[in-house]
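Protein chains in written order, with the numbering used here: chain A, 1 to 115; chain B, 1 to 397; chain C, 1 to 204; chain D, 1 to 325.
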């Protein structure tokens, strides 16, 4: 090509895009999209009342409840839980309550970007 | 040993696809490209070609099936004509943006109206900026060879772009001509199996085509632009290799026919080049300083080559075979590209469009002679009297 | 280019989408009444709007015509309004802000409780707390209408719920829109006045 | 021609039987309490590792897939809202030939199209129908949130009668907002696709049933269609915590009927002894709030007729609008 064309462009690091915008599939979670800061109130579990019926696990759109195979207890994912409270509504054992996020010290990933 | 035979463009192109060992073929009937798919479906049914033959439910689906197949790592092939080319429009950019190097054979055809199935370049030319490699064949032989060469160009790691391999409907696609079919082993060596570096597979899962933020938009467009800047070298290498392997003498960009000492030339692409050659022969015998320049690729457009070659002449007549209503030159698309290419040239030929071959109309030898008369006048005057001539309907032509 | 005063409003996706948009409209209209050049617009790049996502609405006020109108977001807000208090914990609401920025928060809590979760609070000149939800009634989280989204025309009057008291409270730290003009613009006039009256300003 | 190897998916008996490894991982921009996202996760749990998913444009594309932020742990590709069925056909055809030629070692992947109602039976209907006609081994899932939700809740052919959307706002001349009744998607496909052997309807309120239906669909060699009811808190205007409650209420009122159609036979699931009046389902959703009694009665009549005859009558008492009043 003629020298009037730029042969190699300078693309800044943060705008670099793979050929065809193909990205690797995530494993386990998508850390580029933490959604814990969507939450107003968090679900709080009473392990005494919990029967590990797995309703919270299966009904969570964000896959934020899992059964820990060692302790046989439900584990909640604070980083991604959006606070929709489907789990609270669907808990048959009344083991979940909600509490305002500002009443807790940590638990929310503070993000620079909103999305 | 190459096999010498007589074939129409459709059959020859199907043989090209067979030699390229295409793996997924998608069809939908529309005249005049249909013959390609008829021949390929026969080959698949007869066991001559091991490929999946998918009957698309329309051109949009044809191109979509091709996208999925190409993304999965199969060499994918489809084709269309006329309004079918337009119907698939939505899917062209996702394919070039996804960098899936599939191929679409097109036997060009006029849009509606007029509702006929004659050749016209408007169908593909109106899609030409979707990031596909695009070029015309003059003969069934060239169409077959282009099929193979285009896959090699498109699948090059530096390119990874889809291709439109075009021949003129009916004139090339339906009129048999001499064709030499190379040996499969020769082609297998020229064209290695398709290897998609980012194929959709459960064994190495990737996610294709996510959304981007607005500030990433330029970067992704730039990526395709860069691929097109990489393409010319790959094209030149592929054509040189093909010429050597198969024994052809294709030039990569522009073929000059009898331009030695020529003062004015016809500039065109596709099947009408064949008639133009004879017109040039006859006119030369009468002492006219005429020649012909044939364009082999529209995308990427050979800017410097067009500039260098056409700067040698005093007048250039661009034979359009497609329309661009209300455009800068009020004629066809090619003159825009030609004039842009010549803009920085210190020696600029006079330039005009000849609107000819629209709706499948034949361009006769007489019409070429008439065009030559106008070009001769332009060469003498050093400028165009008129930017666009509608051949058969205009002053003195 | 003239100085452009940027107001960024943070609210919760979908359920406060309309009120957030209305707040930006109320402030812009109120400032326009005193002859300012204004611009108020919705989030676009982050569409579709989703329930509970921290969402931004924007307003800009200037003494001269605003030249860069075609932007997606405010880069340097001088006034930040938070329609739902928990947002201050999960997001850097002061992103791009320079020293001297004012913050208005819809909360029953004290200013100090809110400041405790803002690590870059040194950028602030003042914080205003107001119980806008209490004044407006309801939960402050009801989705009301979508028709005004996506560049559409508002189907309901502007400034009916939590946006009204928040606009009133904002007049205490910004003199580009007067209380009278905000009252004249918003539908819930009592709410605006009550917001202005009960808002607690803490200078920093 | 050589048999293409496939992998048989096991059916699950209860929640304990579901592998807790996530394939639709946390970290996506869908609404809090999103029904379609829950559906996506459940279908992903059903299909698992050996999968290629296709996401035609729609909420589950746009809200999920910012650059570098896709939540799909399997191979996934975007396709146009128009062409989910066609791109899936191409992928399946490619794998057939690649496996046959020995270029790909492994069983045929589970190819799953996750189309919204628009991408399945509105603009995407042609591609979906052709894929099923041609008999590609693809599971076509229609996550039905009864609107074009991505673009801000516009009416689709699945929007129920009386549903308020931004294209069907109620007004003086059109008090019910939406005047038309929705398409019957499964019947559209059952009615005319001889290669199609398995069709099911499922609901995010009944996850084990949903997962098993997807696995059954995947186990069939050839196309399968699963229509999944996915309440949408944004579009239907209810509190996001009620997504599963709304889904279950739809089944309890007969608004939604779970069934399987397998080789021509219908089997029904979750049929209540007595249907609750559809009004109970509608009153929790603000999209129906503008409706008057006559409109609700019209809806009840439609639902009553539907539960009586989705292919084969059900022997359960069905409340008519009058009885309910």
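Idealized CB from N, CA, C, for every residue including glycine.
Between the C-alpha atoms of residue 10 (chain D) and residue 126 (chain D) there is a straight-line separation of about 32 Å. Around the Cβ of residue 141 (chain C), a 10 Å sphere holds 16 or more other Cβ atoms; the residue is buried. Residue range 189–198 is occupied by the alpha helix (DSSP H) that includes residue 194 (chain C). The Cβ atoms of residue 80 (chain C) and residue 97 (chain C) sit closer than 8 Å to each other.
Taking C-alpha positions only, residue 13 (chain D) is separated from residue 207 (chain D) by approximately 11 Å. Only exposed fits residue 6 (chain A), as fewer than 16 other CB atoms lie within 10 angstroms of its CB. The continuous beta strand (DSSP E) containing residue 129 (chain C) extends over residues 124–130. When the alpha-carbon of residue 76 (chain B) is set against those of B:82, B:40, B:83, the nearest one is in B:40. The stretch 188–195 of chain C and the stretch 112–121 of chain C do not touch, with fewer than 3 CB-CB distances between them shorter than 8 Å.
A Cβ-Cβ separation of about 7 Å places residue 134 (chain D) in contact with residue 195 (chain D) under the 8 Å criterion. Against chain D, the CB of residue 37 (chain C) has no partner CB under 8 Å away; the residue lies outside that interface.
Nearest Cα to residue 43 (chain A) within the set A:10, A:24, A:75: A:75. Residue pairing for residue 130 (chain D): DSSP places it in no beta bridge. Contact of residue 91 (chain B) with chain D by beta-carbon distance below 7 Å involves 80, 83. C-alpha of residue 106 (chain C) to C-alpha of residue 32 (chain D): approximately 22 Å in a straight line. Across the structure, residue 100 (chain C) and residue 32 (chain C) are spaced so that their CA atoms are roughly 23 Å apart. Annotation: residue 39 (chain D) to residue 58 (chain D) spans about 14 Å, alpha carbon to alpha carbon. Sixteen is the threshold: when 16 or more other Cβ atoms of the shown chains lie within 10 Å of the Cβ of residue 300 (chain B), as they do, the residue is buried. Uninterrupted alpha helix (DSSP H) stretches at least 4 residues long and entirely within the stretch 228–307 of chain D occur at 233–236, 243–253, 278–282, given in chain order.
Looking at the backbone, the Cα of residue 309 (chain B) and that of residue 295 (chain B) are separated by about 11 Å.
Neighbourhood of residue 66 (chain D) in chain B, by CB distance below 8 Å: 210, 211, 212, 213, in chain order. In this chain, residue 340 (chain B) is not harboured by any beta strand (DSSP E); it is covered by the alpha helix (DSSP H) spanning 334–342.
With respect to the C-alpha of residue 101 (chain A), the residue from C:84, C:92, C:36, C:11 having the closest C-alpha is C:84.
Put simply, the CB of residue 216 (chain D) is far from chain B, with every gap to its CB atoms at 8 Å or more. Cβ-Cβ separation between residue 107 (chain B) and residue 9 (chain B): approximately 7 Å, consistent with a contact (criterion under 8 Å). When secondary structure is reduced to three states using DSSP, residue 231 (chain B) falls in the helix class.
Counting every other CB atom within 10 Å of its CB across the protein chains shown gives residue 214 (chain B) a total below 16, marking it as exposed.
Interface with chain A (8 Å Cβ-Cβ cutoff): residue 272 (chain B) is excluded. Identification of chain A residues near residue 109 (chain C) by a Cβ-Cβ cut-off of 8 Å yields 102, ordered along the chain.
Cβ-Cβ distances below 8 Å link residue 171 (chain C) to 177, 178, 179, 182, 196 in the same chain, with the five nearest sequence neighbours on each side left out; the list follows chain order. Contacts between residue 77 (chain A) and chain D, judged by CB atoms closer than 8 Å, involve 26 in chain order.
Contact with chain A is absent for residue 81 (chain C), since none of that chain's Cβ atoms lies less than 8 Å from the residue's Cβ. Residue 212 (chain D) and residue 226 (chain D) have their C-alpha atoms roughly 11 Å apart. When the Cα atoms are used, residue 12 (chain B) and residue 25 (chain D) turn out to be separated by approximately 50 Å.
Here residue 69 (chain C) has 39 as same chain residues with Cβ atoms under 8 Å from its own Cβ, once five neighbours each way along the sequence are excluded.
Rounded to whole angstroms, the Cβ separation of residue 7 (chain B) and residue 140 (chain B) is 5 Å, and the two are in contact under 8 Å.
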